[in-house]
Structure formats: structure tokens, C-alpha cells
Amino acid sequence: MTLRSLPKPPALHRVVALLQPPQPTFPLACATEVFGDHGPAIPARYAFEVCTEHPGPVPTRAGYDMVVGTGLDALERADTVLVPGRQQPAGAEVSPAVVEAIRRAHGRGARIVGICAGAFVLAAAGLLDGRRAATHWAEAAELASRFPRVRVDPAVLYVDHGDVATSAGAAAGVDLCLHLVRADQGAAYAMRIARQMVMPPHREGCQLQYAELPTSGPVTASLAPLLEWLSGRLDQPVSVADMAARSRVSPRTLTRRFTEQLGISPGRWLLDRRIAATRALLEETDLPVETIARRVGLSSAVNLRRRFHEALRTTPAAYRRAFRADRAGQTRTPARRAAEQQ
């Protein structure tokens, strides 16, 4: 009898997460759930480990320390380097040692991934220059300001360039990690992980639908009465000329006041209010889209869907499924949070 040797199992794809104090715990947990050990139900295809610049206790945002015994040399053997978030004061510089280690890993062919504010580390290493990148919507302006060569997209859930990938807010890290698994191992394997996590394998829309609703902010007495008047008449057609007449100024003067105090035009402000009202009605009522369109002054379901998609990159139906307010008041949706801040 001739015995044939069994083929060797494929080598595991090594994912190394770079932790930085104070380490945000949720982005790390997202990566661990996707790339970590799934038990006997799902065969292992990844080896997941963590490292840090200074091995030892790593403080976390949750108030406890994680003991990490591996330093930056772990990045030298990684197939994928993952930066799971970053919590630093505005303007804080990334450690030169971290920047150099990231550059070396990328230079030898490792894939570099930033979850949430982890994009700042990739940007500091120059890996995002001239490229689109995602980060948490609340961090997008700072990322664009500090790294003007990066084309920050505040809307998308993630951006994958193959060698470099970034995601929006922490939960979008799950979307990106599952996307990377699909690219590495195929859709069926990614689906098994998503099912075990009780997660959809792919989410609709973009992160703009998760951002807080825009608020008016502080305004002077010259605009406050008009804004209150407009907010009570969202179901009616109102032109800039109508607004100017109400304020007893010229349209040009009114536009200048809006730009100086709110940073947007009168028409843009009114459309934002209509979209905000649409979101609240989708979250908290069963009203048909046609009825909502009339209530918020967008005239028709067709116009509402077009304007809604332009603003949030999703449809009213998809938004309602994702953000339907809990009838018992357990869910604080974006519209509800904004209302509480008024």
C-alpha cells in the first residue's frame, strides 16, 4: 500500500492590531470578533494578535489596563496591520516609532487598515496622500485639516485601496473587516462569520445617516425670529424672497446673514430642516413616504427620495429599517437626540 501525505493546510493570514493608549475598546473588539478565534464552528484562517509601542499595561478608555507583551517588532511578520481606533487630544502627533513601523510594514507588502480614528495613524505615515479615506464623521474635518493631501470622504462606511483601507466610526470597522474577509477568503466564509456575530454581511447606506442632525446653533436676534417662523412652516413652499420679505431685508442681506451666522445659505438651511423632519417621521411613525413628503414641504415622494439620497446616500425605506424608533422609547435615534439638545 502506498501512503500519500496529506496536503499541508494553508498558512494562516496573520493580523496584528497595534494598540495605543488610551486604547478604545470597541474598535478592538470589532476586529477581534471578525479575525479572532471562532471555535470549532468555523475553521481558522486568521491568526490574530496585538502589539504596542511599549509592552506592558496599556490603559484603555474603559478604565482598565490590558497587558500587552509584544512590541512593534510584531508588525514585521504581519500580513495585515490593523489600527483599531485612536483616542488622543486634537492635534496630538503620532509617535515617530509607530509611523516608521507602519511604513516598514507597508513597504514589505503588508496591508494596513485603520478603523475609525486609526486613519490618523495611516495619514501620519503618508499612506493616504492623494487617496480617499474614511474616518468617524465627527473626526472628518480634523483629519482633512491636519492632512490636506488626504481626500477625506465623510459619507462612506469604508474605503479599500487594496494595500490600505480605512473605515468610518467604530461599528463600521465590522463592515470593513467583513469586507476584507470576503476579499481574502470568499463570500461564503465571510457570511459564516457574520452569522455567528448576528450581523448583516453588508449594510446599506453611508455613515451620514448615523450623524447627529444639524442644529441651528447660536444665532442673533436678526435671524432667530425667522428661523422659528420657518420651523413652523416646513409643510409650505417658502422662497428666499419670502424669507427676506419676512425679515424686511433684501435677499442679498439675508443670504449674507445666514452665511455669517450659520455658514450656509437660506435655501440650504431650509432643506436641512426638511431632511431633519423627514428623518424624525421615518424613525417614529408609519406614515407613507408620500404623506411625509407633503408634511415636510418636499411636494412628492419622488422629490423626497431624491433629496434624501443626495443628503444621506440612502433611501427613506432603508433609513426607516435601520433607525426605527423603539415604541417604548428605548432607542435614542439621531432625530430624538437632536430634539433633546434643542
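For the sequence shown, UniProt numbering gives the first residue as 1, with consecutive numbering after it.
We put the beta carbon where it would ideally sit given N, CA and C, even for glycine.
Would you kindly work out how many angstroms separate the C-alpha atoms of residue i and residue j, rounded to a whole number?
{"i": "R149", "j": "D129", "result": "5 Å"}
{"i": "L157", "j": "A134", "result": "7 Å"}
{"i": "S231", "j": "H309", "result": "22 Å"}
{"i": "T166", "j": "V159", "result": "5 Å"}
{"i": "P266", "j": "V152", "result": "26 Å"}
{"i": "C177", "j": "V34", "result": "6 Å"}
{"i": "L271", "j": "R132", "result": "27 Å"}
{"i": "R246", "j": "E284", "result": "32 Å"}
{"i": "A123", "j": "R86", "result": "13 Å"}
{"i": "L227", "j": "T315", "result": "27 Å"}
{"i": "P214", "j": "F258", "result": "Only weak support exists for where P214 lies, its pLDDT of 48 falling under 50; the value from the coordinates is given anyway. Each residue's alpha carbon lies about 15 Å from the other."}
{"i": "V83", "j": "G114", "result": "5 Å"}
{"i": "P154", "j": "E139", "result": "9 Å"}
{"i": "G118", "j": "M199", "result": "23 Å"}
Among the options, which residue has its Cα nearest to the Cα of residue i?
{"i": "R146", "options": "A92, G173, D286", "result": "A92"}
{"i": "C116", "options": "P22, E100, T80, G173", "result": "G173"}
{"i": "G69", "options": "G63, L82, Q87, E49", "result": "E49"}
{"i": "V302", "options": "R182, L312, E290", "result": "E290"}
{"i": "E161", "options": "H106, A317, P24", "result": "First, the amino acid is wrong: residue 161 is His here, not Glu. If we check each option's Cα against that of H161, H106 comes out closest."}
{"i": "T60", "options": "F26, G71, P89", "result": "F26"}
{"i": "G36", "options": "R320, A194, M243", "result": "A194"}
{"i": "L180", "options": "A74, Q196, A170, D163", "result": "D163"}
{"i": "A168", "options": "A141, W229, A62, E76", "result": "A141"}
{"i": "L262", "options": "I292, L28, P237, S222", "result": "S222"}
Based on the DSSP output, what are the partners of residue i in its beta bridges?
{"i": "F48", "result": "V15"}
{"i": "I115", "result": "P84"}
{"i": "P57", "result": "V67"}
{"i": "R77", "result": "None, per the DSSP bridge assignment."}
{"i": "A133", "result": "V152"}
Would you mind reading off the limits of the alpha helix (DSSP H) that contains residue i?
{"i": "T25", "result": "25–35"}
{"i": "S167", "result": "Here S167 belongs to no alpha helix (DSSP H); instead the beta strand (DSSP E) covers 164–167."}
{"i": "L180", "result": "172–185"}
{"i": "I102", "result": "96–107"}
{"i": "V240", "result": "240–247"}
{"i": "D235", "result": "That residue, D235, is in no alpha helix (DSSP H); it is neither H nor E in DSSP."}
{"i": "H309", "result": "301–312"}
{"i": "D272", "result": "266–284"}
{"i": "P316", "result": "316–323"}
{"i": "T225", "result": "The sequence as given places Pro at residue 225; Thr does not occur at that position. That run of the alpha helix (DSSP H) goes 224–231."}
Starting from residue i, trace the beta strand (DSSP E) both ways and give me its first and last residue.
{"i": "V159", "result": "158–160"}
Check whether the stretch 52–60 touches the stretch 19–27, counting contact only when three or more Cβ pairs, one atom from each stretch, lie closer than 8 Å. yes
Using 8 Å as the threshold, is the stretch 95–111 in touch with the stretch 25–45, meaning 3 or more CB pairs across them? no
Taking three-plus beta-carbon pairs below 8 Å as touching, is the stretch 270–282 in contact with the stretch 292–309? yes
So, do the stretch 250–261 and the stretch 280–297 have three or more beta carbon pairs nearer to each other than 8 Å? no
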